[in-house]
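Written out below as structure tokens is the structure these notes cover.
Residue numbers (full-length UniProt numbering): 1 to 188.
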């Protein structure tokens with residue numbers, strides 16, 4: 001793909017989910033700056049119905065223990081416990097909607113949370129990092145909620161963050177754009 005003179009467009013067109021990640025991940029100061037920018041994603045009412053729980057270093061193994069405790073079999077527990085070690089940083093996506101808001105229904109609040117995460121993944125990519133949004137049964141597990149300090153909130157998964165292995169870069173299939181846009185207009 002030819003680079004455009006627009007770095008935002010380049011980031012959007014070249015970002016790919018990265019299933020295999022290695023060091024480095026953003027340091028706390030850089031991550032805070034990127035989250036500050038991601039928080040500008042569309043958010044009706046500026047409710048910011050989300051928070052992030054960052055898990056790195058040895059704490060990834062403790063999160064893995066919680067994953068393992070929630071598994072049904074010893075084999076599943078071993079596999080689940082290893083999952084947080086796939087990246088140097090896991091950002092737990094916690095959705096915390098304002099219930100019965102008079103102007104902003106919960107579906108719009110969920111859209112704001114997912115918009116922030118999408119924006120954050122683009123910002124990470126534009127700064128040389130990579131990520132993948134992972135979910136799974138652990139988002140419902142009481143052991144995981146307890147470890148993370150999540151009570152009356154909803155886990156939407158984890159943004160695994162780090163640096164992409166060079167061999168993992170892949171092109172995206174082109175989109176049949178005309179098939180995805182329906183026009184109701186006159187004069188175009």
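Glycine included, C-beta positions come from ideal geometry on N, C-alpha and C.
Only a predicted model underlies this, so the values are computations on that prediction, with no experimental measurement involved.
Residue i, buried or exposed, once every other Cβ within 10 Å from all chains shown has been counted against 16
i	result
residue 183	exposed
residue 1	A caution first: residue 1 carries a pLDDT of 46, below 50, which makes its placement in the model unreliable, though a value can still be read off. Per the 10 Å Cβ criterion, exposed.
residue 35	buried
residue 103	exposed
Local conformation of residue i per DSSP, three classes
i	result
residue 177	helix
residue 55	strand
residue 21	strand
residue 1	In this prediction, residue 1 scores a pLDDT of 46, lower than 50, which makes its location untrustworthy; the coordinate-derived value is nonetheless stated afterwards. Residue state, collapsed to three classes: coil.
residue 162	strand
residue 185	coil
Which listed residue (the options) has its alpha carbon closest to that of residue i
i	options	result
residue 92	42, 51, 126	51
residue 153	166, 177, 139, 181	139
residue 116	95, 128, 126, 136	95
residue 129	8, 41, 15	15
residue 110	73, 146, 47	47
residue 7	123, 23, 135, 62	123
residue 160	173, 125, 174, 180	125
residue 61	73, 83, 72	83
Whole-angstrom C-beta distance between residue j and residue i, which should lie under 8 Å
i	j	result
residue 25	residue 162	5 Å
residue 70	residue 141	3 Å
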